[in-house]
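So the sequence shown is residues 55 to 708, counted in the numbering used here. The block underneath contains the structure these notes are about, expressed in structure tokens.
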Amino acid sequence: MAFRGRFVGVCAGLLLAAAAAAVGQVAPHRSSVDSLQLLLAQARTDSSRVELLYRLSDQFWASDTDSAAVYARRSLALARRTGNRRGEGAALNRLGAALRESNLAEALRLFQHSLRIGQQLRDTSLQAQNLRSIGIIYVYLRDRQVGLAYYFQALRLDRLLHDERREVVELSNIGLAYDLYNQLDSAAYYQQQAYALAQRLPSSTNYILYGLGNVARKRGQVPLARTYYRRSLAESARRGHLRSLNFSYLGLAALHQQLGQPDSVIYYARLGVRAAQANGFLRGVLNGSVLLTREFARRGRPDSAFYYQTLLVAMKDTLFGQEKVMRLQSVNYEARQLAQLAAATERELTSRYQTYGLLAGVGGLLLVLALLVRHDRQQQRANAALQASLAELREAQLMLVQREKMAFLGEMTAGVAHELQNPLGFVKQFAAVSANLVDEISGAQRLARDEHLAHDIYEGLKENLREISQHGQRATAIIKGMLEHARTGQLPRTPTDLNALARHNLHLAAEGLRHQFPEFAATLRPALAPELPELPVVAADLGRVLLNLCANALYAVHQRQRTAPAGYVPTVEIGSRPLPGGGAELWVQDNGAGIPAAVQARVFEPFFTTKPPGEGTGLGLSLSHDIVVNGHQGTLRVESEEGAGTRFVLTLPA
Numbered sequence: 055m056a057f058r059g060r061f062v063g064v065c066a067g068l069l070l071a072a073a074a075a076a077v078g079q080v081a082p083h084r085s086s087v088d089s090l091q092l093l094l095a096q097a098r099t100d101s102s103r104v105e106l107l108y109r110l111s112d113q114f115w116a117s118d119t120d121s122a123a124v125y126a127r128r129s130l131a132l133a134r135r136t137g138n139r140r141g142e143g144a145a146l147n148r149l150g151a152a153l154r155e156s157n158l159a160e161a162l163r164l165f166q167h168s169l170r171i172g173q174q175l176r177d178t179s180l181q182a183q184n185l186r187s188i189g190i191i192y193v194y195l196r197d198r199q200v201g202l203a204y205y206f207q208a209l210r211l212d213r214l215l216h217d218e219r220r221e222v223v224e225l226s227n228i229g230l231a232y233d234l235y236n237q238l239d240s241a242a243y244y245q246q247q248a249y250a251l252a253q254r255l256p257s258s259t260n261y262i263l264y265g266l267g268n269v270a271r272k273r274g275q276v277p278l279a280r281t282y283y284r285r286s287l288a289e290s291a292r293r294g295h296l297r298s299l300n301f302s303y304l305g306l307a308a309l310h311q312q313l314g315q316p317d318s319v320i321y322y323a324r325l326g327v328r329a330a331q332a333n334g335f336l337r338g339v340l341n342g343s344v345l346l347t348r349e350f351a352r353r354g355r356p357d358s359a360f361y362y363q364t365l366l367v368a369m370k371d372t373l374f375g376q377e378k379v380m381r382l383q384s385v386n387y388e389a390r391q392l393a394q395l396a397a398a399t400e401r402e403l404t405s406r407y408q409t410y411g412l413l414a415g416v417g418g419l420l421l422v423l424a425l426l427v428r429h430d431r432q433q434q435r436a437n438a439a440l441q442a443s444l445a446e447l448r449e450a451q452l453m454l455v456q457r458e459k460m461a462f463l464g465e466m467t468a469g470v471a472h473e474l475q476n477p478l479g480f481v482k483q484f485a486a487v488s489a490n491l492v493d494e495i496s497g498a499q500r501l502a503r504d505e506h507l508a509h510d511i512y513e514g515l516k517e518n519l520r521e522i523s524q525h526g527q528r529a530t531a532i533i534k535g536m537l538e539h540a541r542t543g544q545l546p547r548t549p550t551d552l553n554a555l556a557r558h559n560l561h562l563a564a565e566g567l568r569h570q571f572p573e574f575a576a577t578l579r580p581a582l583a584p585e586l587p588e589l590p591v592v593a594a595d596l597g598r599v600l601l602n603l604c605a606n607a608l609y610a611v612h613q614r615q616r617t618a619p620a621g622y623v624p625t626v627e628i629g630s631r632p633l634p635g636g637g638a639e640l641w642v643q644d645n646g647a648g649i650p651a652a653v654q655a656r657v658f659e660p661f662f663t664t665k666p667p668g669e670g671t672g673l674g675l676s677l678s679h680d681i682v683v684n685g686h687q688g689t690l691r692v693e694s695e696e697g698a699g700t701r702f703v704l705t706l707p708a
């Protein structure tokens, strides 16, 4: 094992140097590993040594899985000896990652054990890491439904933790899974989300660029695909990431295969196989060997074709042998409700093993090609049906969103009508007074020419016209705001007085509820910081968010008032404060009944509502969250205590 580790290290160094030269970069140094080993030598506590050991395992995972397993086992042994449960869970996860290629069933068992430790410790970060790791195994097994379910659970936990670096990884994994099933629209959507977030942090993008390259290649966008693959190669070489190098080399090989350039296919596929061998990435060796076997067979070079076919069969025996299927069947799943899915996975693996047995025969290449063509046609038909279903789902979602916007508009109508009554009433009164002044002018001119009286009347008339103009402009502004609220397109951001926007929407929400329940009265308490900076926002969208939060707060205090004792005073506060760096924080707080802890985690989910049937669509807070987070790159969170009230806090960047 020690000899193999040294040999792999030499191969990895040579391969990275070759990859760096191919993309015009300098081969990376082992600075991260050296720094961690130096810290390990100086560590004074067992807990520090446990953490440094599993971090070293994580560093070696991308370049040498044998070394990664050695460090993970050392970390696990020390954690168990010292009773470090958090360290034990992290070490189990890294050991599972190192063994995933050589022992799939054992890796799954380790991930599930680590997940149980995370649940017992209520360690959300450890739970998210293991949900992602288990999802990767099910994606390996081509179990799309279960694999994606684990990925999305991990993404939800990362967002609860506000861990954007982990969120980048989850989004890219989801994109790669959709790419594996040739759902290109979904793959592109999640990879683009991952890339935008990684650029903002910044974070590594080598896997994301590979995923974007795959989407472009499958769509026939050859120059764009080549650019993405080469950028992924350059970053992978800089980071010493052999596994990502394998992906990008094989992506370029597949691209040249589409273009009918066999020499380039062989060149890049060989580089990909070498990268995978140096890393211990068996699936990468398998995928590269499939490409090379086909190309050498087409070119009439049976010796090379036989060599890579032998390598291919060896990888399949290791990855998909009958023993692995039986061991996977005997794994004790914690989630009993997945028993049927596990049985389906076993049948699929058994069937795939039988198919791979056919590939082992010399001269069976033509049969393999026929099977691949047949499978491709079936896949295309299945993809067409899935894309049609996806289009119908998107259309239904757009209709629901538009329906929610119209529901918002209906809730605004009462408040807007009340707001319009005031300026229109002033316009009517001042117009009547102006008419009387005109009559006085006519009468005064007939009776006598009193210049002072005429001057006073003219000044009064002028003042009335100014008032009419002012209140007419106010009515126009209200109508304009209502039309902006009903729009369906996206407006540009403009510097906005957030205090004025907050005050206006609190008043509008109160008038709307007062119109619905005339007897209801609440204390409205602005707590707005006068030094709040103007920020570039889409005022109509942000106003919709504030209106929804204020309306929900008023609804909550009104509901509590029905059953509260006589001394209860319904109160809604809207506040603001500047943030360091130029951003702003706004909040809406009420003293209603509060939200139970079990419900708080779901308040931003689409179609989830705590209101009685017929009183809520379940889209208001979901749309508000989307406007703040995706539309303005801010955050929206809820803080609540049963019996004390609820506080929604949104932050906006500078």
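Even glycine gets a Cβ: it sits at the ideal position worked out from N, Cα and C.
Assigned exposure category for residue i - 16 Cβ within 10 Å defines buried
{"i": "Pro624", "result": "buried"}
{"i": "Ala291", "result": "buried"}
{"i": "Asp595", "result": "buried"}
{"i": "Arg271", "result": "buried"}
{"i": "Ala288", "result": "buried"}
{"i": "Leu706", "result": "buried"}
{"i": "Ser111", "result": "buried"}
{"i": "His216", "result": "exposed"}
{"i": "Val599", "result": "buried"}
{"i": "Arg109", "result": "buried"}
{"i": "Arg431", "result": "exposed"}
{"i": "Arg285", "result": "buried"}
{"i": "Val119", "result": "The displayed chain sequence assigns Thr, not Val, to residue 119. Buried: at least 16 other Cβ atoms inside 10 Å."}
{"i": "Tyr362", "result": "buried"}
{"i": "Leu340", "result": "buried"}
Beta-carbon separation (whole angstroms), residue i vs residue j, contact threshold 8 Å
{"i": "Arg352", "j": "Pro316", "result": "7 Å"}
{"i": "Ser258", "j": "Arg293", "result": "6 Å"}
{"i": "Gln643", "j": "Gly697", "result": "Their Cβ separation, rounded to whole angstroms, is 15 Å, which puts Gln643 and Gly697 out of contact at 8 Å."}
{"i": "Ile191", "j": "Ala151", "result": "Not quite, the Cβ-Cβ distance comes to about 10 Å (not below 8 Å), so this is no contact."}
{"i": "Leu146", "j": "Leu130", "result": "6 Å"}
{"i": "Ala123", "j": "Leu94", "result": "Contact flag wrong, Cβ pair sits at about 17 Å."}
{"i": "Leu336", "j": "Ser156", "result": "7 Å"}
C-beta atoms of residue i and residue j nearer than 7 Å
{"i": "Leu586", "j": "Pro632", "result": "yes"}
{"i": "Asn138", "j": "Ser101", "result": "yes"}
{"i": "Val269", "j": "Ala242", "result": "yes"}
{"i": "Ala610", "j": "Gly566", "result": "no"}
{"i": "Ile188", "j": "Tyr205", "result": "no"}
{"i": "Gly141", "j": "Val104", "result": "yes"}
{"i": "Asn437", "j": "Asn602", "result": "no"}
{"i": "Val591", "j": "Thr617", "result": "no"}
{"i": "Arg701", "j": "Glu695", "result": "no"}
{"i": "Arg297", "j": "Ala116", "result": "yes"}
{"i": "Cys604", "j": "Ala563", "result": "yes"}
{"i": "Leu560", "j": "Ile628", "result": "yes"}
Distance between residue j and residue i (C-alpha atoms, nearest Å)
{"i": "Tyr261", "j": "Leu92", "result": "29 Å"}
{"i": "Leu309", "j": "Gly597", "result": "48 Å"}
{"i": "Ala607", "j": "Thr136", "result": "50 Å"}
{"i": "Glu388", "j": "Tyr232", "result": "Confidence at Glu388 is low in this model, with a pLDDT of 41, below 50, so its placement is unreliable and no value can be given for it."}
{"i": "Arg390", "j": "Leu195", "result": "Residue placement at Arg390 is poorly supported in this model, since its pLDDT is 41, which falls under 50; the coordinates still yield a value, given next. Going by the C-alpha atoms only, they are around 19 Å apart."}
{"i": "Gln331", "j": "Thr347", "result": "17 Å"}
{"i": "Ala393", "j": "Val200", "result": "Here Ala393 scores only 44 on pLDDT, less than 50, and its place in the model is too uncertain to base an answer on."}
{"i": "Val703", "j": "Ala651", "result": "17 Å"}
{"i": "Ser302", "j": "Leu325", "result": "10 Å"}
{"i": "Gln96", "j": "Ala144", "result": "21 Å"}
{"i": "Arg273", "j": "Arg428", "result": "21 Å"}
{"i": "Thr664", "j": "Asp239", "result": "34 Å"}
{"i": "Arg520", "j": "Leu578", "result": "31 Å"}
{"i": "Arg98", "j": "Gly636", "result": "42 Å"}
Same chain, Cβ closer than 8 Å to residue i, neighbours up to 5 away in sequence not counted
{"i": "Ser630", "result": "Leu552, Asn553, Ala556, Ala581, Leu582, Ala583, Leu586, Ala638, Glu639, Leu640 and Trp641"}
{"i": "Leu132", "result": "Asp100, Arg103, Val104, Leu107, Asn138 and Gly141"}
Cβ-based neighbour list, residue i, same chain, cut-off 7 Å, excluding 5 preceding and 5 following
{"i": "Leu615", "result": "Contrary to the premise, residue 615 reads as Gln rather than Leu in this sequence. So the list reads Tyr622 and Pro624, once near-sequence residues are dropped."}
{"i": "Val481", "result": "Ile522, His525 and Gly526"}
{"i": "Gly265", "result": "Ser226, Gly229, Leu230, Asp233, Ala241 and Gln245"}
{"i": "Asn358", "result": "The residue you asked about is not Asn; residue 358 is Ser in the sequence shown. Closer than 7 Å at the Cβ level, and outside the excluded window around Ser358, lie Phe350."}
Neighbour flag for residue i against chain C, beta carbons, 7 Å
{"i": "Leu677", "result": "Annotation note: the requested chain C is absent from the structure, which comprises a single protein chain."}
Proximal residues to residue i (C-beta, below 6 Å), its chain only, five neighbours per side dropped
{"i": "Gly267", "result": "Ala279, Tyr282, Tyr283 and Gly305"}
{"i": "Ala182", "result": "Ala208, Leu211 and Asp212"}
{"i": "Val657", "result": "Leu675 and Val692"}
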